[in-house]
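Undergrad: Here you go, one structure.
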Amino acid sequence: MAIDFQFSQEVEDARLMMREFLQNTVKKEFEILRNRGDASGDDWSVLVKELRSRAKSEGFWLPHMPQDVGGMGLGITAVAAVSAEAAKVPMGPYIINCQAPDEGNMHTLYHFATDYQRETFLKPLLEGTARSCFSMTEPEVAGSDPTLIQTTAVQDGDDWVINGHKWFTSGAKGADFAIVIAKTDPDASVAQARNSAFIVPLDSPGFEIVRDVETMGGKHNHPEVRYNDVRVPKENLLGERGGGHKLGQVRLGPARLAHCMRWLGQIEMALEMLIDRAQKRFAHGSLLSEKQSIQWMMSDSAMELYSSKLMVLHAAYKIENGMEFKQEVSMAKHHVANTLWRVVDRAMQVHGALGYSTDTPLAGMMQQARWARLADGADEVHQMRIAELLMKAYNSDGSINQGVGGLPL
Ligand SMILES: Cc1cc2nc3c(=O)[nH]c(=O)nc-3n(C[C@H](O)[C@H](O)[C@H](O)COP(=O)(O)OP(=O)(O)OC[C@H]3O[C@@H](n4cnc5c(N)ncnc54)[C@H](O)[C@@H]3O)c2cc1C
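Mapping the sequence shown onto our numbering, position 148 (from 1) lands on 1142, and the numbers just tick up by one.
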């Protein structure tokens, strides 16, 4: 029987050790500082630096990267387990150096970078001494369709000259470089072969941060930026010319799943808060937890979380075993993002005014949960792709099986 829902001992050990470190060291140290009441911004920075340094020296560093570049060398199913643990602790992913967008960029550089690019750009990310961003979406055209990108890169001698306007270049403020997607071959017959990727150091003349776009969650470093005749040497072309779309797809597959893994941790946290509150709050003659309408919220959330976990693990299994994974990642991304939204909403409902206040993490979680349904592939775009692949499977095999996970059922 090949189906086994247990992690190997090695993966389970990694997960439990990571949980122990995050819960008993990181979370506790944060609580101690918070309870002090007078901690300054500098105190927080020092603590975060210390915790990162401990994570590195104690082997809780880069769970998503192979050992040859200093990572934990876990398979992607183990990364799923570890990332879900990291998301239960504020700043958890950053402490262990697997935060977005650096995590996706490290992956991209690992697969596409030349030796020069690895040394110059990947190495500092791995060491945690630099930060990066990914600059693709533009305000003027639909981000859902990267073939519409208007930013251009034109070759001039040994340089490329980049001009364009982007926004939601998350993390740009304070980042050392951006991976920028720009149009290099507008006449290529295949629309997907018109864009290329470039590594742009953000101290390059002509790079401009216009503003930090304020979102419903406040200012969280999602800047609007301009590239005004930004020059980069030809060595900064990442991957092949015209390969920007392909690179984006390679990056987004595992990166989307990595988001799902972090969201699983958030869903679990919200559901635990819902249960905890419902068992303590008394109204109209009984605890909330004894009321059927509240129990339905619990059971719906449990079923949705359970199916989310199975989807994430199955997509991870497919990636780990070199199988086609597009359909499974799309389905997981859509399902987990919507589960996150619903479960956080239910937890907020059960907490009443407290849930709406910022006294619990729920308000912040809800702000994050809303973008999960539109970034990295909006719900409708994933639904469109899922339907396309479903029809393709049916039309080529006379069966939808390959479009619904290819399971032996
Ligand atoms: C918090 C956050 C962080 C982000 N970080 C980054 C980043 O670091 N780098 C970066 O480059 N981008 C980033 N983005 C941008 C994100 O990737 C885009 O928002 C996303 O690709 C959608 O593009 P858009 O906003 O232009 O929406 P549009 O493409 O204009 O789509 C708007 C809506 O149209 C509908 N729609 C679109 N296409 C279809 C279709 N085919 N069928 C039916 N309906 C459709 C959907 O409802 C969709 O939500 C971030 C966004 C957010 C909110």
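Backbone N, C-alpha and C define an ideal beta-carbon position, used for all residues, glycine too.
Taking 7 angstroms as the cut-off, decide whether the C-beta atoms of S1138 and V1375 are in contact.
TA: Closer than 7 angstroms, so yes.
Undergrad: Only counting the same chain, and skipping five residues up and downstream in sequence, which positions put a Cβ closer than 7 angstroms to that of A1185?
TA: Excluding sequence neighbours, A1185 sits near T1141.
Undergrad: Are the CB atoms of P1248 and G1165 nearer to each other than 7 angstroms?
TA: Against a cut-off of 7 angstroms, the Cβ pair of G1165 and P1248 comes out as no contact.
Undergrad: Give every residue of the same chain whose Cβ lies closer than 8 angstroms to the Cβ of L1304, excluding the five residues on either side of it in the sequence, and list them in chain order.
TA: Excluding positions up to five away in sequence, the list is empty.
Undergrad: Could you give the distance in angstroms between the alpha-carbon of T1102 and the alpha-carbon of M1085?
TA: One C-alpha to the other measures close to 23 angstroms.
Undergrad: For a test of your reading of the model: does the CB of W1257 fall under 6 angstroms from any non-hydrogen atom of ligand 1? Yes or no.
TA: Answer for W1257: no, Cβ out of range of ligand 1.
Undergrad: Find the nearest neighbour of E1097 within the set C1127, G1053, T1163, judged by alpha-carbon distance.
TA: Taking only the C-alpha atoms, the option nearest E1097 is C1127.
Undergrad: Please go through the region 1282-1309 and give each complete beta strand (DSSP E) segment of 3 or more residues, from N-terminal end onward.
TA: Here no run is fully enclosed.
Undergrad: Between the C-alpha atoms of G1346 and P1199, what's the straight-line distance to the nearest angstrom?
TA: Spanning the two alpha carbons is a distance of roughly 51 angstroms.
Undergrad: Give me the DSSP bridge partner(s) of E1218.
TA: In DSSP, E1218 forms a bridge with R1205.
Undergrad: Would you call the region 1034-1041 and the region 1259-1270 touching, i.e. three or more CB-CB distances under 8 angstroms?
TA: Taking 8 angstroms as the limit for Cβ pairs, the verdict is that the region 1259-1270 does not touch the region 1034-1041.
Undergrad: In whole angstroms, give me the CA-to-CA distance for E1079 and V1073.
TA: Distance between the alpha carbons of E1079 and V1073 is about 10 angstroms.
Undergrad: From the DSSP output, in three-state form, read off D1223 for me.
TA: Three-state DSSP puts D1223 in a strand.
Undergrad: Using the C-alpha atoms, what's the distance from L1119 back to G1236?
TA: Rounded to the nearest angstrom, the two C-alpha atoms are 25 angstroms apart.
Undergrad: Could I get the ranges of all uninterrupted alpha helix (DSSP H) runs contained in the region 1115-1151, with 4 residues as the minimum, in chain order?
TA: Complete alpha helix (DSSP H) runs here, min 4: 1117-1121.
Undergrad: Go to F999, then tell me how far its beta strand (DSSP E) extends in each direction, as first and last residue.
TA: Here F999 belongs to no beta strand (DSSP E), and DSSP marks it neither H nor E.
Undergrad: If you reduce the DSSP assignment to three classes, tell me which class V1174 lands in.
TA: The answer is strand: DSSP assigns V1174 an E or B state.
Undergrad: Does the contact criterion of 3 or more C-beta pairs under 8 angstroms hold for the region 1349-1360 versus the region 1288-1298?
TA: Touching, no, given that fewer than three Cβ pairs across the two stretches are closer than 8 angstroms.
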